[in-house]
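Residue numbers (UniProt numbering): 268 to 539. A virtual CB, placed ideally from N, CA and C, is assigned to each residue, including glycine. Given the structure is predicted, the values throughout are model-derived calculations rather than measurements.
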Ligand code: ATP
């Protein structure tokens with residue numbers, strides 16, 4: 268079986284400044300990722316072991332993937348990514364081989380970050396009971412391979428596993444034991460200040476009219492995720508072009524029209 272299917276390797280170019288809001292979270296992630304790499308002697312001095320796994324959870328489109336990439340970029344770490352959903356759809360044995368090969372390559376390339384997206388698909392709670400056996404075996408085998416690899420990280424230096432999920436309650440308790448995902452961070456949808464910063468990030472390269480008021484726009488986009496705000500900026504540009512294909516700037520009315528044409532997917536009930 269091909270062990271390269273579904274794998275991407277890169278040193279991401281995303282920086283912390285590309286992520287609007289989440290100041291505190293960025294700081295905590297930075298410490299968890301950068302300190303073990305850049306100040307490993309401090310950990311030895313105090314006799315503590317660095318965190319080996321961080322679980323990021325929160326609604327879709329709120330920058331979990333982007334945070335993982337920014338962390339890798341800041342630590343100058345190689346970035347390996349795996350998707351739970353991709354692995355689940357592979358042939359028997361292929362997913363396990365993929366996990367082992369990723370960790371093998373991450374060890375060789377250290378410092379590295381292994382990003383495990385949609386972790387709940389693989390690492391969901393193992394259901395007991397005899398008749399659930401057949402449909403849990405794929406997930407169980409993948410999970411136990413992952414656990415073996417994570418336990419093996421004790422000897423390896425400079426490898427951190429970041430996992431992302433929208434469904435933290437579905438994650439198997441075995442992953443939450445000490446030495447596995449010791450740090451759990453909630454990545455919330457942006458508040459008003461965060462939305463303004465996100466809008467600044469995504470309008471940075473745009474030609475804006477002088478009347479553009481990102482502060483009011485941030486106030487008018489409650490429950491919008493970062494991904495939706497990025498989409499809104501593109502849509503505002505499209506509105507301007509639909510009005511006049513030779514437009515040279517995007518004005519506030521274009522942003523308002525884009526705002527009114529979009530509905531956020533999140534509702535209050537989805538928030539934790
Ligand atoms: P999913 O759970 O769907 O994988 P996610 O939480 O991993 O989502 P990302 O893939 O990181 O979210 O975000 C999607 C896009 O939304 C990013 O490429 C980025 O353009 C934009 N985005 C999200 N949050 C922010 C933010 N805080 N600042 C700037 N851009 C953001």
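Remark: the shortest separation between the CB of residue 497 and any heavy atom of the ligand ATP falls under 8 Å. Taking C-alpha positions only, residue 442 is separated from residue 390 by approximately 8 Å.
Listed in chain order, the non-local C-beta contacts of residue 469 below 6 Å within the same chain comprise 497 and 500, local neighbours out to five positions each way being set aside. Secondary structure of residue 449 (DSSP, three-state): strand. According to DSSP, residue pairing for residue 350 in a beta bridge involves 384. The beta carbon of residue 492 sits closer than 8 Å to at least one heavy atom of the ligand ATP. Residue 382 has its alpha-carbon roughly 7 Å from the corresponding atom of residue 335. If the five residues before and after residue 331 are omitted, its C-beta is found closer than 7 Å to the C-beta atoms of 323, 325, 431 and 454, all from its own chain and listed in chain order. In the three-state reduction of the DSSP assignment, residue 281 falls in the coil class, being assigned neither a helical nor a strand state.
The DSSP-derived three-state label of residue 532 is coil.
When the beta-carbon positions are compared, residue 318 and residue 417 stay at least 9 Å from each other. Nearest neighbour of residue 477 by Cα position, chosen from 452, 466, 516 and 509, turns out to be 516. Assignment of residue 323 by DSSP, reduced to helix, strand and coil, places it in the strand class.
Unbroken alpha helix (DSSP H) stretches of 4 residues or longer found wholly inside the region 451-494: 459-470 and 481-486, given in chain order.
Between residue 384 and residue 337, the CB-CB gap reaches or exceeds 9 Å.
For residue 471, the number of other beta carbons within 10 angstroms of its own is below 16, and it is reported as exposed. Boundaries of the alpha helix (DSSP H) harbouring residue 365: 361-376, taken from the DSSP string. By a beta-carbon distance limit of 8 Å, residue 296 does not contact residue 490. Their separation comes to about 24 Å.
The DSSP-derived three-state label of residue 379 is strand. Where residue 515 is concerned, there is no enclosing beta strand (DSSP E), because DSSP gives it neither an H nor an E. Counting the other Cβ atoms within 10 Å of the Cβ of residue 387 gives 16 or more, which makes it buried. DSSP places residue 337 inside the alpha helix (DSSP H), whose first and last residues are 331-341. In the three-state DSSP reduction, residue 315 falls in the coil class, being neither helix nor strand. For residue 427, the secondary structure class from DSSP, reduced to helix, strand or coil, is strand. DSSP places residue 304 in the helix class (H, G or I) of the three-state scheme. The straight-line gap separating the alpha-carbon atoms of residue 307 and residue 362 is approximately 32 Å.
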